[in-house]
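Residue numbers (the working numbering), protein chains in the order written: chain A, 1 to 491; chain B, 1001 to 1499.
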Amino acid sequence: MTTLTLPTINYLALAPFLVMAGMALVLLIATALTPSRISTRVATSAAVAAAGSALVITIVQGWQIARHGAQLTAAHSVVMDGFSALATASISSSLIFALLIAHDWEGRERFVGAEYQMLALLATSGAVLMTEANDLAVVFLGLEILSIALYVIIAFNRRRLKSQESSLKYFLLGGFAAAVFMYGAALVYGATGTTNLTSISYFLGANVLVHPGLLWAGGGLMMLAFAFKTQAVPFHFWSPDVYEGAPTPVTGFHASIVWGGAFAAAIRVMVSGLGTQSDTWRPIIWGLIVLSTVVGALFAITQVNAKRLLAYSSVTHSGFIWLGVWAATARGVAASVFYILTYAPTVLGSFAIVALVGGVGDSDHYLVKYRGLARRNPWVGGSLALLLLSQLGVPFTVGFDGKFAVLAASLDAGNVTASVVAMLAAAVAAFAYLRWVASLFAEGDPDVAPLVVPWASRVVIASSVVIVLVFGIWPAPLTHLAQHATLYFQP
Amino acid sequence: MHSSWWLTALLLLPLAGVLGVSLTRSRPERARRVALVSVGVEFALSVVVALLYNAHVAQASTWDFGVRWVVSAPLGLAYDVALDGISLALVLLSTLVALVAMLSDRAPRREPAYLAWQLLALDFTVGAFVAHDLLLFFIFFELVLVPSYFMVAQWGGPSARRAAMKFFLYTFVGSAPALVAVIYLGFLHQHEVGGNLSFNYSALSSTVMTSSQAVWIFVGLALAFAIKAPLWPLHSWSPSTYGEAPVAAGAQLAATLSKLGTYGLLRFALALTPLAVKSVTPVVLVLSVIAIVYGSLVAATSRDLRRLAVFSSVAQMGFITLGIFSGSQIGVTGAVVLMVVHGITTLGLFVLIGALERRRGSARLDDVRGLQGAVPVLSGFVTVVAFATIGVPGLGGFVGEFLILLGAFGVHPAYAAVATLGTVGAAVYWLWAYQRAFHGPLSENATGMADASPTERALLWPVVALVVALGVVPAPLLSRVAPSVQQIVAHVTPTGVSR
Chain A
1 MTTLTLPTIN YLALAPFLVM AGMALVLLIA TALTPSRIST RVATSAAVAA
51 AGSALVITIV QGWQIARHGA QLTAAHSVVM DGFSALATAS ISSSLIFALL
101 IAHDWEGRER FVGAEYQMLA LLATSGAVLM TEANDLAVVF LGLEILSIAL
151 YVIIAFNRRR LKSQESSLKY FLLGGFAAAV FMYGAALVYG ATGTTNLTSI
201 SYFLGANVLV HPGLLWAGGG LMMLAFAFKT QAVPFHFWSP DVYEGAPTPV
251 TGFHASIVWG GAFAAAIRVM VSGLGTQSDT WRPIIWGLIV LSTVVGALFA
301 ITQVNAKRLL AYSSVTHSGF IWLGVWAATA RGVAASVFYI LTYAPTVLGS
351 FAIVALVGGV GDSDHYLVKY RGLARRNPWV GGSLALLLLS QLGVPFTVGF
401 DGKFAVLAAS LDAGNVTASV VAMLAAAVAA FAYLRWVASL FAEGDPDVAP
451 LVVPWASRVV IASSVVIVLV FGIWPAPLTH LAQHATLYFQ P
Chain B
1001 MHSSWWLTAL LLLPLAGVLG VSLTRSRPER ARRVALVSVG VEFALSVVVA
1051 LLYNAHVAQA STWDFGVRWV VSAPLGLAYD VALDGISLAL VLLSTLVALV
1101 AMLSDRAPRR EPAYLAWQLL ALDFTVGAFV AHDLLLFFIF FELVLVPSYF
1151 MVAQWGGPSA RRAAMKFFLY TFVGSAPALV AVIYLGFLHQ HEVGGNLSFN
1201 YSALSSTVMT SSQAVWIFVG LALAFAIKAP LWPLHSWSPS TYGEAPVAAG
1251 AQLAATLSKL GTYGLLRFAL ALTPLAVKSV TPVVLVLSVI AIVYGSLVAA
1301 TSRDLRRLAV FSSVAQMGFI TLGIFSGSQI GVTGAVVLMV VHGITTLGLF
1351 VLIGALERRR GSARLDDVRG LQGAVPVLSG FVTVVAFATI GVPGLGGFVG
1401 EFLILLGAFG VHPAYAAVAT LGTVGAAVYW LWAYQRAFHG PLSENATGMA
1451 DASPTERALL WPVVALVVAL GVVPAPLLSR VAPSVQQIVA HVTPTGVSR
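So, in C-alpha cells, the structure goes:
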C-alpha cells in the first residue's frame, strides 16, 4: 500500500487567501442559518475585518520575507515573496474601498443581506491566490475562483436587466478565456513536462526546443486569457458593456482587484516562467500596448456615459501597465506593480463618486449629470477633478508617477516606439478626462439638489484623494516598496 | 553659495497664499487682500534674491542658492533647485507680472478661486525657472497647464472653454514625446556613469551621446517648448487662448508662461544636446525668420489689440529663438533681454487691453477713431509699449533686438538681414494700428471715455519706467545674465556652430 505524502504547507503564505475565503464561508453559512437576513452593517464590518486582517498579514509576510527570504510551499505550487505580499496588500486595501462603496450602494438600493460581501470576498480570494501562484494549476484555480464569484456579483442587481445582460456577456467570454487558458497551460505542460513555473523556467533554460510550436501556442493562449482579464485590446470588447451594466461598486473591482490578480499572474507566468522566451512574446505584448493605448484613448473621447468612459480609460491604462511587463526586468515588474498599486485607489475613488451621482437605481450615468457638480458639491467635484487629472497624468499626482515609472522601465529595456505611441495616446485620452473635468465646473442646473455623501463613500473618496496627492508628491515610500517587491524567481 | 531656503521660500509663499485664500473664500475682499499680500511679499522676496545673487560661486559655475534632495531614487525624482542669471531674470519677471496682473484685473464672480489659480500659476512658473533638474522642470512645466486651463475656461470670454481645451491638448500633445525624451536622456546618462537615475542639470549636460541621439532628444524636447512659446508654425492655439483669456490670466500666460518655452529651448533643448546644434540650427533659424515676417504681417491685419498682441508675440518669439540659436554669446544675451522686455511690454499691453475692455467692452481698434483726444494718458502708455516692441533706441526692446541682430549678423548674416525687416514690420503694424484708432477726429462711439484711472496709472507707470530703465541702463540685467549665457554658449559651441 502506498502512502500518500502530504506536502508541508506554510500557512502564513496562504493566510490572506484563507482569511478571505474563510470569512466568505462564514457569511454564507450564517446567511443560511440565521432566521432573519443579516444586516448590511454587520456583513460589511465582517468583510472589512477580513480584508483588514489580510492586509495586516501581508505586513507580517513582508517582515518574514525580509528576514528569511521568499519561500515556496505546498509542493512548490505557492510562493510567498515580496511581489505576492505587495500585490496582496494592494488587492486587500482595494477590497476595503470596494466594500465601503458597496455599503452605501446597498443602502440606497435597499439590498439587505451578506450575499454581496460574501461574493466580493470570494472573488478577491481568487485574485489573492493568483498573486502567489507558482504553478499553472494554481493560476487557473485562482482565475476560476475569481471569475465565478465575479459572474454572480455582476448580475447582483436583479432589478436591472443590463446587470443580467452584462453578466451573461462576461460569463460567456470569460468562460471561453478560462478554457483557453487551460488549453494553453496543457500545451505548455506538453512542451516542458511540468506546470510548475520555476521548473518550466529551468527546463527552458537548460534545453533547446527543436520544435517550439507547442510552447509558443501554449504561451500565446495563456496570454490571451490574461489580455482578456486586463482588458487589453483586442480582448477588451466586453469591458464597456460590463462596466456599464454591472452595479457601480462592482465596476470598480475590475481595474483594481481583478487587475491585481491578473497582472500578477501574467507577470509570474510570462516573466518568471517564460522569461527565457521573452524575445518570442515581446512582440505580442508590443501589439497589445499599442492597440490598447490607442484604441482605448480614441474610444474614450467619444463616450457620453461615465462608466463606459472609465472602461475605455482602463483599457488605455492597461496598455501602460503592459509596458512594464514588456520590459520583463526587475524595474519593469516594479513599475507595473507601482502602477497597479496607485491606479487602484484612483479608480475606486472615481467609482465611489460615479456611484453617488448615479443615485437610486444606479442607471443614469450620463456625463450631463455631472454638469456643475463642483459648484453644488465643491469637495466631491474637486475630488473627482483631481482623480481624473491623476488618470490624465498631471504631475504631482500618482498618475504621473505611475506613467513615469512604466515609461522609464520600457525605455530602459529599449522600447522607444511603443513608449512614444503610448504617450501620444495618453495625450489623446486627455481630451476625454478634460471634457469631463470642464463639465464639473460648468454652470449647472440650479434645480438639481446637492448630493448627500454617506460616511462610507466619504471615507473612500477622502482616502483616495489623500493617496493621489501625498504619494503623487512624495512617491518614495511606494516606489521603495515596489522596488523591493521582487519576484521569487526571475531568469 | 547662498542658502537654498530663499528659493524654497519663493516656492512656498504662493502656496501659503493659496491656503490663505481658500480659508477666507467666503469673504472675497479679505481673500483678495491675502492674495495680494502673498504675491507682493513674493515679489519683494524675488527682488532680495536678485540682489543677493552671486554669479561667481566657486565650483558651481554660475548657479547660486543650490540644493539637491532626492525624493525617489528609483524614479530619479529630486527636489533640485538653483538659480543662475537667466532664471533669475525670469523669476523676477514672473513675480512682477503676477503682482501687476492681479492688481489690474478683477473677476466678476468667484474671485477667490480665480486668485488661487493665479497664485498657483505663479508658483509653478517660479518652480520651473528655479528647477536645476530636467525632470523637475518638466513637472512644473506640465503643472502650469492646470491653473492656466482653469483660469481661461472659467473666467474667459464666450468661447473660452473650447479655447482652453485646445490650449491644454495642444501643449499636452507636445509634452508627451518630451517626457519620453527626458527619460531617455536620463537613461543615457545612467548607463554611462552608473548609480541611480538622475536628471540633475549639471550631470545631464555632460552626457555623451551620438549626434543622431542628440537630434532625437532635441526634437522631443523642442517640440514641447516650441508649442509653449509659441514658435511658428505651432502657434495656432494662441489666438483663441489669448483672445478668450481674462486679463490677468492672459497677462500671465503671454508674459511669463510663454517664456517657459523659450527658456526651455535655451536651457535644456539646446544646452543638453550640443551635438544636435549643428543639424537643427538651420531649421530653427528658418522657422524664426518666418515667424518674424509672418507674425508682423498678420499683426498688421489685426483689428483688435488682443490679436495684435498675439501675433506681435509670435514675431518677438521669432527674434528670441533667432538669438538663442545664433550661437553667439551676444545673440543669446540679447534673447534673454528680449524675453524680459517682451514680458514687461506684454504685461503693459494686457493692462491696456483690460482698460479698453472695461470702457468699451472690447479691445477692438477698427471701429473707433481719435482716441488720443479722449484718453491722452492711456494713448501715451500705448505709444511707449508700441515703441518698445518696435525697438526704438532708449527703450528695452532696442537692447534685446539690437544684441540679437548683432549676434546673428556675425554668424548667420542672411537670416539676420531678413530678420531686420521684422523690426520694420513691427513699426508698420504698430503705427498703422495706432494711426487708425488714436489719431484723427474723435469718433462718436468714443466720446465720454474716461482717461486712465489712478490705479491704471499706478500700474502702468512702473511698466514704462522699467522699459525705459532697461533701455538706458541695461547693465544690472546684463551683468547678471551674461556669465550664465557664457557658460551655455561655451558648452554648446565647441561642437556646434563654427564662427
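Heads up, the beta-carbon is just placed ideally off N, CA and C, and yes, glycines get one too.
Given the structure is predicted, the values throughout are model-derived calculations rather than measurements.
Anticipated Cβ contact below 8 Å, Ala1035(B) with Leu1119(B), distance rounded: Contact holds; Cβ gap of about 6 Å.
Euclidean distance between Cα positions of Gly1261(B) and Ala1226(B): Distance between the alpha carbons of Gly1261(B) and Ala1226(B) is about 6 Å.
Cutoff 8 Å: Val1428(B) Cβ touching any chain A Cβ: no
Per-residue contacts from Arg1161(B) into chain A (C-beta, under 8 Å): Close partners of Arg1161(B) in chain A (Cβ separation under 8 Å): Ala438, Ala442.
Within chain B, the residues that Leu411(A) reaches when beta carbons sit closer than 8 Å: Val1180, Ile1183, Tyr1184, Phe1187
Contact residues within the segment 85–113 of chain A, judged by C-beta distance below 7 Å to chain B: none
CB contact below 8 Å: Pro1177(B) versus chain A: Yes, its Cβ sits closer than 8 Å to a Cβ of chain A.
Those residues which DSSP pairs with Tyr983(B) across a bridge: As displayed, chain B neither begins before 1001 nor continues past 1499, which places residue 983(B) out of reach and without an answer.
Same chain, Cβ closer than 6 Å to Ala137(A), neighbours up to 5 away in sequence not counted: Closer than 6 Å at Cβ, skipping near neighbours: Thr195.
Spatial distance of Leu1347(B) from Ala155(A) (CA atoms): Each residue's Cα considered, the two are about 60 Å apart.
Per-residue burial, Asn1054(B) [other beta carbons within 10 Å of its own, 16 or more giving buried]: Asn1054(B) counts as exposed, since fewer than 16 other C-beta atoms from the protein chains shown sit within 10 angstroms of its C-beta.
Nonlocal neighbours in the same chain, by C-beta distance under 6 Å from Val1310(B), ignoring five residues either side: The residues are Ser1238, Pro1239, Tyr1242.
Identified DSSP bridge partners for Asn305(A): Tyr366(A)
Near-chain C residues of the segment 1062–1085 of chain B (beta-carbon distance less than 9 Å), N- to C-terminal order: Any reference to chain C falls outside this structure, whose protein chains are A and B.
Interface partners of Phe1168(B) on chain A, CB under 8 Å: Ala430, Leu434
Thr1210(B) burial status per 10 Å Cβ neighbour count (16 or more: buried): exposed
Short-range partners of chain B found in the segment 389–405 of chain A, where Cβ spacing is below 9 Å: Residues passing the 9 Å Cβ filter: Leu389, Leu392, Gly393, Val394, Pro395, Phe396, Phe400, Asp401, Lys403, Phe404, Ala405.
Option in Ala1388(B), Gly1370(B), Ala1469(B), Ala1414(B) with minimal Cα separation from Tyr1434(B): Gly1370(B)
Inter-stretch contact at 8 Å, needing at least 3 Cβ pairs: the segment 1076–1088 of chain B / the segment 1135–1151 of chain B: yes
Proximal residues to Ala1107(B) (C-beta, below 6 Å), its chain only, five neighbours per side dropped: Tyr1114, Trp1155
Runs of alpha helix (DSSP H) lying entirely within the segment 1120–1198 of chain B, each at least 4 residues, in chain order: Counting only runs of 4 or more, we get 1134–1143, 1145–1155, 1160–1193.
Chain-ordered chain A contacts of Leu1013(B) [CB-CB under 8 Å]: The contacting residues do not exist; Leu1013(B) stays about 18 Å from chain A at best.
Given Ala1335(B) as reference, the closest of Gly1264(B), Gly1380(B), Arg1358(B) once Cα atoms are compared: For the options Gly1264(B), Gly1380(B), Arg1358(B), the alpha carbon positioned closest to that of Ala1335(B) is the one of Gly1264(B).
Check whether Ala179(A) and Leu214(A) have beta carbons under 8 Å apart: no
Presumed contact (8 Å Cβ cut-off) between His103(A) and Thr8(A), rounded CB distance: That pair is no contact at about 40 Å.
Sheet register partners of Ser71(A) (DSSP bridge): Going by the sequence as given, residue 71(A) is Gln instead of Ser. Looking at the DSSP assignment, Gln71(A) forms a beta bridge with Met80(A).
Contact the segment 9–18 of chain A vs the segment 53–63 of chain A: 3+ CB pairs below 8 Å: yes
Test: Ser419(A) CB closer than 8 Å to a CB of chain B: yes
Beta-ladder partner(s) of Asp1366(B), from DSSP: Per DSSP, none; premise fails for Asp1366(B).
Minimum Cβ-Cβ distance from Thr479(A) to chain B less than 8 Å: yes
Cross-chain neighbours of Glu1142(B) in chain A, by beta carbon under 7 Å: Val394, Pro395
Same chain, Cβ closer than 7 Å to Ala1269(B), neighbours up to 5 away in sequence not counted: Phe1218, Leu1221, Ala1222, Phe1225
Span separating the alpha-carbon of Val1280(B) from that of Leu1272(B): 13 Å
Met182(A): first and last residue of the uninterrupted alpha helix (DSSP H) it sits in: 161–192
Residues, ordered as in the chain, of the segment 462–487 of chain A that lie near chain B by beta-carbon distance below 7 Å: Taking 7 Å as the Cβ-Cβ cut-off against chain B, the residues of the segment 462–487 of chain A that qualify are Trp474, Pro475, Ala476, Thr479, Gln483.
Residue environment, Pro35(A), which counts as buried when at least 16 other CB atoms sit within 10 Å: exposed
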